[in-house]
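For the sequence shown, the positions run 3 to 412 when the working numbering is used.
Glycine residues also receive a C-beta, built at the ideal position from the N, C-alpha and C atoms.
In this text, all values refer to a predicted model and were calculated from it rather than measured experimentally.
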Amino acid sequence: MCFKMAVVRSLVKERNSLLSALRLIRSYHNYTCAITHQHSVLLPRQSRYTSLFTRRNIWSSRQDDLTRALSDAEKIVGYPTSFLNLRYLLNDEISNIAMYMKRFAMSKHPMLSTARGFVSDENHTMQTRGLLVLLISKASRPCLKSDWNTDQELVADIHSSQRQLADITETIHTANLVHTGIVNLSNISSSSKSYQDDMEFGNKMAVLSGDFLLANACTGLAELKDTEVVQMISDVIGHLMEGEFLKMTFNDDNLNLDFWNELVFKCKGSLMANSCKAALKIVAHSTELQEKAFEFGKNIACAHQLKEDLQALHEHKSSTILYIAPVILSSNRTEVKQLLNQIFSEENTEKLEQLHQELKGMVAEEETMAQMKKLSSFYGKKALESLHVFPESEAKQALVNIANSCTYQG
């Protein structure tokens, strides 16, 4: 009990320190939000097609079934997941970055929006990748080999190394968000000199701060002293980078579900699947259990991405991301193919907006929605099937609830 209280006190102390370190960002948060909404910038054509997920990528900011499932699950793992990756953010380097961010507070650089996302909407900010790692760790606890004595290092049936892995998972995700906020300077060559300077400075900050977080994550990986786990998570970092390049190479020739599956796995699924698998590997669970954890992470990522894709289709934006599932599922229709060819070849911004609005109307048909529901159900069932080998528990039920809430019910 004393050990648990000491852990909680330490985490509370770290959380307070983090809030102090980020006070500078919050001090001008509301003002920059107003500026950003009043002076929105239409991004160049290429950059509008290179974002599969929202910049914050926090899964949900609305009180829907998924948000409630995540909130309930958070109560099971021992402490709020908002404590995750604090030790990688609480340092002088990150505080210095916050100071430098004053320089481009009004520049509308994507990194500023990313940073703002971590300190706003506090009621709905849940670090879900780390939460899944903690839940799968807790759900697998009854399966732990009897000769693997960890009683001194368990808090809420979760080993300290598994909590550290959850920290690392969130840190890698954060670093990737920062890195993908880099602006293509060649697309703003016609902008003012001051605007170009702001974007260049923001890019430098994004590269350095993202690299710093990755370096800390790699240091944490080394502390786990498990080469197989290091290899798994190293593969994840490689997949995240490959996913960004995949976005740049897609065209009407590879606009199919195979491409979508590969893209979702590398941009999202690999981190979740390999982190869940590594959480079980690090405490010597069976290979079968590790593979089931991997399958759960992989399929839950696909199920949730389908839900995100549908949401993206109904968002009030001038452009549509062309490699979301509804577009791909409709791409075999002649009229959709012709429209996609026009979009790929069109350079005029105003004309592109009109074509995108037309595309939204074409793909949001009953037949496509039925295909979406069928595909979502497939991945949801696969995720649930992978949980059958885990004993019944609160943690397992929480994972089941999350899987069900990720499945499209439209």
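Inter-residue spacing [alpha-carbon to alpha-carbon] between residue i and residue j
{"i": "valine 1", "j": "glutamine 166", "result": "No answer is possible for residue 1: it lies beyond the span of the chain, which begins at 3 and ends at 412."}
{"i": "valine 209", "j": "leucine 179", "result": "11 Å"}
{"i": "methionine 364", "j": "arginine 335", "result": "10 Å"}
{"i": "alanine 405", "j": "serine 194", "result": "48 Å"}
{"i": "glutamate 230", "j": "asparagine 256", "result": "33 Å"}
{"i": "serine 332", "j": "histidine 287", "result": "43 Å"}
{"i": "glutamine 313", "j": "glutamate 368", "result": "16 Å"}
{"i": "alanine 168", "j": "methionine 374", "result": "31 Å"}
{"i": "isoleucine 330", "j": "glutamate 310", "result": "14 Å"}
{"i": "aspartate 254", "j": "tryptophan 262", "result": "13 Å"}
{"i": "glutamate 396", "j": "threonine 69", "result": "17 Å"}
{"i": "alanine 224", "j": "isoleucine 235", "result": "11 Å"}
{"i": "isoleucine 184", "j": "phenylalanine 203", "result": "10 Å"}
{"i": "glutamine 344", "j": "leucine 357", "result": "8 Å"}
{"i": "asparagine 258", "j": "glutamate 348", "result": "21 Å"}
{"i": "leucine 146", "j": "glutamate 290", "result": "13 Å"}
{"i": "glutamine 307", "j": "alanine 366", "result": "17 Å"}
{"i": "phenylalanine 346", "j": "valine 232", "result": "40 Å"}
{"i": "glutamate 76", "j": "glutamate 352", "result": "45 Å"}
{"i": "alanine 372", "j": "serine 192", "result": "44 Å"}
{"i": "threonine 370", "j": "proline 144", "result": "43 Å"}
{"i": "threonine 386", "j": "aspartate 260", "result": "Residue identity check: residue 386 is leucine in the sequence provided, not threonine. In a straight line, the C-alpha of leucine 386 is about 22 Å away from that of aspartate 260."}
{"i": "proline 393", "j": "isoleucine 78", "result": "16 Å"}
{"i": "lysine 376", "j": "isoleucine 239", "result": "31 Å"}
{"i": "serine 188", "j": "aspartate 199", "result": "13 Å"}
{"i": "aspartate 237", "j": "leucine 226", "result": "16 Å"}
{"i": "lysine 270", "j": "proline 328", "result": "18 Å"}
{"i": "asparagine 350", "j": "histidine 175", "result": "35 Å"}
Identity of the residues DSSP links to residue i by a beta bridge
{"i": "leucine 156", "result": "His161"}
Cβ pair residue i, residue j closer than 8 Å
{"i": "valine 1", "j": "lysine 294", "result": "Lying before the first or after the last residue shown, residue 1 is absent from the chain, which here runs from 3 to 412."}
{"i": "lysine 249", "j": "alanine 275", "result": "no"}
{"i": "lysine 384", "j": "glutamate 264", "result": "no"}
{"i": "alanine 71", "j": "asparagine 403", "result": "yes"}
{"i": "alanine 177", "j": "glycine 212", "result": "yes"}
{"i": "glutamate 360", "j": "leucine 341", "result": "yes"}
{"i": "methionine 201", "j": "isoleucine 190", "result": "yes"}
{"i": "glutamate 244", "j": "threonine 182", "result": "no"}
{"i": "glycine 222", "j": "isoleucine 302", "result": "no"}
{"i": "serine 407", "j": "aspartate 74", "result": "no"}
Same chain only: Cβ atoms within 6 Å of residue i, ignoring 5 sequence neighbours per side
{"i": "aspartate 415", "result": "The structure shown has nothing for residue 415, since the chain only spans 3 to 412."}
{"i": "serine 2", "result": "The structure shown does not extend to residue 2, since the chain spans only 3 to 412, so no value can be given for it."}
{"i": "histidine 241", "result": "Lys268 and Ser272"}
{"i": "tyrosine 325", "result": "Phe252"}
{"i": "cysteine 35", "result": "Its pLDDT being 36, under 50, cysteine 35 is placed unreliably by the model, and the measurement read from it follows with that caveat. Taken in chain order, the list of residues that qualify is empty."}
{"i": "glutamine 292", "result": "Lys279, Leu282 and Lys283"}
{"i": "glutamate 317", "result": "none"}
Beta-carbon proximity list for residue i, same chain, < 7 Å, skipping 5 on both sides
{"i": "threonine 409", "result": "Ala305, Ser378, Ser379 and Gly382"}
{"i": "cysteine 278", "result": "Leu134, Val135, Ile138, Ala295, Phe296, Phe298 and Gly299"}
{"i": "valine 266", "result": "Ala303, Cys304 and Gln307"}
{"i": "glutamate 337", "result": "Met364"}
{"i": "threonine 52", "result": "Any answer about threonine 52 is weak, because its pLDDT of 38 lies below 50 and its placement is not dependable; what the coordinates show is given next. Counting only Cβ-Cβ distances below 7 Å, and skipping sequence neighbours, we find Lys249 and Met250."}
Neighbourhood of residue i by C-beta distance below 8 Å, restricted to the same chain and skipping five residues each side
{"i": "lysine 339", "result": "Asp254 and Ser333"}
{"i": "leucine 389", "result": "Ala141, Lys294, Phe298, Lys398, Leu401, Val402 and Ala405"}
{"i": "serine 196", "result": "none"}
Closer than 7 Å: residue i CB and nearest the ligand MG heavy atom
{"i": "leucine 401", "result": "Although the ligand MG was asked about, the structure shown includes no ligands whatsoever."}
- In chain order, which alpha helix (DSSP H) runs of at least 4 residues are fully inside the segment 259-315? Whole alpha helix (DSSP H) segments, 4+ residues: 259-266 and 272-283.
- May I have a chain-ordered list of the alpha helix (DSSP H) segments no shorter than 4 residues that lie completely inside the segment 323-366? Runs of the alpha helix (DSSP H) inside the segment 323-366: 327-332, 336-347 and 351-365.
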